[in-house]
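Going down the list, the sequences are from chains E and F. Under our numbering, think of the first position of the first sequence as 1136, with each following residue one higher. Under our numbering, think of the first position of the second sequence as 17, with each following residue one higher. Note that CB positions come from ideal geometry on N, CA and C, so glycine has one too. One structure is given below, encoded as C-alpha cells.
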Amino acid sequence: MVLVLLAAPLLTGFVRKVKARLQRRRGASLIQPYRDLRRLLGKEAVIAENASWLFRTAPYLIFALTWVAASMVPTFAGGLMFSWTGDLIVIIALLGAARFLLALAGLDIGTGFGGIGASREMMIASLAEPAMLMIVVTLALIAGSTELATIAGYLETGAAGLRISLALALVAFAIVALAENGRLPVDNPATHLELTMVHEAMVLEYSARHLAMLELAASLKLLLTISMIVAIFFPFGMAGGGDGLIDIAACARGGLVWGGKLAAAGALLGGFETAIAKMRVFRIPGLLGIALMLGLLGTLLLYISQGL
Amino acid sequence: MNRWEEGIARLAAGATLLSLWGEVGRVHIAVLEGDAISHVVRDCPDGRYPALGARFPQAIRLERAARDLYGLDPIGLPDRRPWLDHGRAPNAYPFLPVEGEGLHQIPVGPVHAGIIEPGHFRFTCDGETVVRLEARLGYVHRGVERLMAGADLDFAAKLAGRISGDSTVAYAIAFAQAIEAALDAAPPRRALWLRAIMAEIERLANHFGDIGAICNDGGFPLMQAHCAILRERVLRAAESCFGHRLMMDCVVPGGVKSDLDLDKIKIFTAMISEIRERFPALVTLYDLTASLQDRTNGTGGLRADLARGFGAGGVIGRASGRDFDARRSPGYEPYEAAAFTVPVRTEGDVNARVWIRIEEVEQSLGLLTQWLETLPGGGIAVDLPRSTGEGIALVEGFRGDIFLWLAVAGGKIRHCHARDPSWFHWPLLEAAVEGNIIADFPLCNKSFNGSYAGHDL
C-alpha cells in the first residue's frame, strides 16, 4: 500500500518525461513530482475568503478515498491485504465518491472556473461510469466474480482463452481510463488555459498542502487505473498468494514485471498524448459513448457465445 | 463641403479608416481609398467634435481613447465609457448589460494562468456557449504619445521600436518612413533592402511562433515544439547578422544601423534552406492530424463584411476575404519591384488564419532569397536635415498594417501617433467568438494574436 503511494509520482514523472522527449525537449527530472510535493507541503495554504469547511477537508478525503481504492488493486501480487474487502464495484464507487467531493469543492468557492470545471467533470463522469460498469459486467461474466484478484487469477490461468469480449472491454477501458484521469484528448493535464481545463479548473483555487494532496491523489489514480488495466488484461508474471504465505522471490519478480508493465503503459500514454490534439468539449460524450457501446457489445457477445 | 466632411463621405463610400487620433484641441483622421491616404485635421477649440462612431463602429474605441488621452469629446458617440484611462472608472467598469434566462458571467484576467500580456475578458455564457464577449484593455498603457512629444529623434526611434516588442522592426520602419517623409530625406537603396530583409525575418519568426502557439492551444504541443525550433533558428540567425535577436533598434531614421557582408548573407541562405527543408513536413503534420483539424476547422469564424468594414489588416483580414496588404498597396520600396503573392482565403476560421500564416512564410522565404541575391551596393544611412514637417507611413507588420503619423520640428518630435493593427482586431475577436464554445476561446484568441501593448500605447 505504501509502495503504491511511493511509486505513483514516479509514474507521473515518467509520463511527463516521455512526452517531453517526444517533443524534443529535455524535460524535467523523473523525480520532479516528488520535489513538487515537498515544495507544496512546505508552503503556506492560501484559502479563498468564502471557502467553507468542505473546501478545506475535501483534499484529504479525496486522497484517502483514492488511496483506499488503490490498495484494492492487485499490483504485483495476487493476495493483497485489502483485496478481500472490496471488488471492482467498490473501487468504482470510491473513485466516484472522490470525484463527487472534488466537484463539490470546485463549486464551493463560487468562482467561474470551479463551476465550469465541475459541470464538465460531472458530464464526463455521468458517461464514463456506466461504461465502466458495462466493462465490469463483462469481466464478471467471464471470470465469475467481481473481485479483481480473482479475475486476474482466473485470466492468468488462460482458461478464458482469447475472447472478443475481452478485447472490446480493453478498448472501452482504455477510453474510460483516459477520461477518468483527465488525459488528452478529454482534458489536458499540462494546459495553462483556464477556459479549457476540466480537472485543473476545479483545483485552481487550491494551494500548498491541499494542492499536494490533490496532486498525489491524481498520481495515485493514474497508477491505479493503469495497474487495473495490466492486472486484468495482462496478468502474466504476477506473484501468486492468497494462501497467506508471501514468497519473497516471487514478489520481487512480480514487482519487476509490474514496473516494466507500468513503464510500457506510461510510454504508450505519453506517445498517444503527443500524437493527438485535445477534443472539443462537446465531442467527449461521443467518445465515451463509444466506450459504453463497446462495453455493452462485449456483454452481449458473451451471452451469445455462452448461449445463455 | 469642407475637408473633414469629404473624409467622412469617403468613409461612407467604402474607404478604409486607417486611424483616428487626437492632439490637444485637434482631431485627426486618416482614410485609405485605393492607394491614396488622405489625412484630415479638424480644429476643435472647445474640445468637442461630432463623433464618427455612430456611423462607423470601427472608430468607437479610437474616439474613446482620444477622449481619455486628450479630452476631446466626441458628440453623439454611442459608447460614453472610458477606454484607456482606468482612473476614470477605477473599480466598477460598466460592462455592457446582457439579459436572458440562465446566462452567467465568467471573468477572465487581467492576470492569466500563463505568462501573457494583461487584458480582461468578460464572457457571458449560456452553458458552454459564449453569448457575448467583451474585452477590457488598457492595462499596459505607458503613455507612449506623451513620451514622444518633445523627444529627440534618437530617443523617439527607440520608443517607437518598443510600442509592441514583437513587431519592433515594423514599427521602426514605420517611424523611419514617416520621419523621412516629414523631412524630405531619401535613405540609400541598400538601407531599404536591408529594412525589408529584417521585416521579413521578423514575420518569419512571429508566424512560426503563432502557428505553433495556435496548435498548442488546440492541445497539440508537438507542433509548437517543432515550430519553436524553427523560430529559434531564425532568431539566432538575426542575432549573428544584426546583433539582436529581435533586431531591436537596427532600423534608424535615415537608414539602418548594421550592414550585411557576404559571410552574413551565407548565414541567412543556410537558414532559408534549412526552413525549406523542414517546414513542409510540419505543414503536412498540421494538415493530416485529424484531431487538430477538428478543432481549427469552422472555429471562430469572422464574417467577411465585418473584416472589410473594420478594415482588418494582416492575417485576420486576409483569412476573411479582405485582399489587402500594405506591402503591395500603397506599397513601398523594395516590395514594388519584388515578386510575391498575397494569400487570401474566404473561410475566416482559425484554420484559414493558420493557412494564411503558412502561405506567408513561403512568400517571405521567396522574398528573402530574391533580396539576398540582388542586394544593391552603397551606403546604409544618410544624415537627416533639421527641418520641419509632417509625415505618414503605412507599413505591413506581421499582424497587419501599422499606421504612423508624426509631426517634427527642429529635430524634435512634436506629436506622434501609431495605430497598431490590433485596434481593429480586438473588436472583431469579440464578434468571432460569439456562438462558439468557451473552451475554444484560447484557440480563437491565439489565431488573432492581438497586441496588448501596441493597442494600449
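Pair within 9 Å by beta-carbon distance, residue i and residue j
| i | j | result |
| --- | --- | --- |
| F/Leu68 | F/Ile213 | no |
| F/Arg138 | F/Val127 | no |
| F/Phe340 | F/Gly329 | yes |
| F/Ile53 | F/Pro346 | yes |
| E/Ile1227 | E/Met1257 | no |
| F/Gly181 | F/Phe191 | no |
| E/Lys1413 | E/Val1321 | yes |
| F/Ile195 | F/Asp436 | no |
| F/Trp37 | F/Trp421 | yes |
| E/Thr1147 | E/Ser1354 | yes |
| E/Arg1344 | E/Lys1178 | yes |
| F/Glu144 | E/Val1416 | yes |
| F/Ala434 | F/Val160 | yes |
| E/Leu1359 | E/Thr1201 | yes |
| E/Ile1259 | E/Leu1435 | no |
| F/Asp84 | F/Asp101 | yes |
| F/Arg148 | F/Thr140 | yes |
| F/Gly413 | F/Arg219 | yes |
| F/Ala342 | F/Gly234 | no |
| E/Thr1246 | E/Ala1180 | no |
Close-in-space but distant-in-sequence residues of the same chain around residue i (CB under 7 Å, 5 per side omitted)
| i | result |
| --- | --- |
| F/Val398 | Ala201, Pro203, Pro204, Gly270, Gly271 |
| E/Gly1395 | none |
| F/Ile374 | Ile227, Val299 |
| E/Leu1242 | Gly1249, Gly1250, Ala1253 |
| F/Phe236 | Thr305, Leu308 |
| E/Pro1370 | Ala1287, Leu1290, Glu1291 |
| F/Glu322 | Per the sequence shown, the amino acid found at residue 322 of chain F is Leu instead of Glu. Correct list, in chain order: Leu444, Ala447. |
| E/Thr1326 | Met1332, Glu1335 |
Short CB-CB distance (under 9 Å) between residue i and chain E
| i | result |
| --- | --- |
| F/Phe457 | yes |
| F/His128 | yes |
| F/His260 | no |
| F/Ala151 | no |
| F/Gly118 | no |
| F/Cys231 | yes |
| F/Thr140 | no |
| F/Gly234 | yes |
Chain-order list of residues whose beta-carbon lies under 6 Å from that of residue i (same chain, five-residue window excluded)
| i | result |
| --- | --- |
| F/Gly7 | One cannot answer for residue 7 of chain F here, as it falls past the ends of chain F, which runs 17 to 473. |
| F/Gly30 | none |
Residue i (DSSP reduced to helix, strand or coil)
| i | result |
| --- | --- |
| F/Lys428 | strand |
| F/Glu21 | helix |
| F/Asp142 | strand |
| F/Ile45 | strand |
| F/Glu406 | strand |
| F/Gln121 | strand |
| F/Glu412 | strand |
| F/Phe137 | strand |
| F/Asp321 | helix |
| E/Gly1377 | Caution applies to E/Gly1377, whose pLDDT of 46 falls short of 50 and renders its modelled position unreliable; the model cannot decide the point. |
| F/Asp399 | coil |
| F/Trp37 | strand |
| F/Trp93 | First, the residue type needs correcting, since residue 93 of chain F is Leu and not Trp in the sequence shown. Correct three-state label for F/Leu93: coil. |
| F/Phe236 | coil |
| F/Leu391 | coil |
| F/Arg343 | helix |
Residue-level contact to chain F via CB, residue i, 9 Å cutoff
| i | result |
| --- | --- |
| E/Gly1433 | no |
| E/Phe1149 | no |
| E/Ala1323 | Looking at the sequence itself, residue 1323 of chain E is Asn, so the reference to Ala does not match. Interface residue, yes. |
| E/Arg1160 | yes |
| E/Leu1262 | no |
| E/Pro1320 | yes |
| E/Ile1310 | no |
| E/Gly1377 | Note that E/Gly1377 scores 46 on pLDDT, short of 50, meaning its location in the model is unreliable; the coordinates nonetheless yield the value given after this. No, E/Gly1377 does not count as interfacial toward chain F. |
| E/His1327 | yes |
| E/Met1257 | no |
| E/Lys1412 | It should be pointed out that residue 1412 of chain E corresponds to Ala in this sequence rather than to Lys. So, interface residue. |
Query raised in the report: Should the region 1266-1275 of chain E be called in touch with the region 1420-1433 of chain E, which here means at least 3 C-beta pairs below 8 Å?
Result: Yes, the region 1266-1275 of chain E touches the region 1420-1433 of chain E.
Report task. Decide if the region 285-294 of chain F is in contact with the region 407-419 of chain F; the criterion is three or more beta carbon pairs, one per stretch, under 8 Å apart. Result -> Contact fails: fewer than three Cβ-Cβ distances are below 8 Å.
Query raised in the report: Counting Cβ pairs closer than 8 Å, one from the region 250-265 of chain F and one from the region 450-460 of chain F, do we hit at least three?
Result: Counting Cβ pairs under 8 Å, fewer than three are found: no touch.
Query - the region 65-82 of chain F contacting the region 91-102 of chain F, beta-carbon criterion three pairs below 8 Å - result: The answer is yes - the region 91-102 of chain F touches the region 65-82 of chain F, with three or more Cβ pairs under 8 Å.
Query - Contact the region 302-314 of chain F vs the region 380-394 of chain F: 3+ CB pairs below 8 Å - result: Counting C-beta pairs with one atom in each stretch, the region 302-314 of chain F and the region 380-394 of chain F have fewer than three that are closer than 8 Å, which means they do not touch.
Report task. Mind the definition here: the region 1229-1239 of chain E touches the region 1189-1201 of chain E only if three or more C-beta pairs lie below 8 Å; say whether that holds. Result -> Flag = yes, the region 1229-1239 of chain E and the region 1189-1201 of chain E touch.
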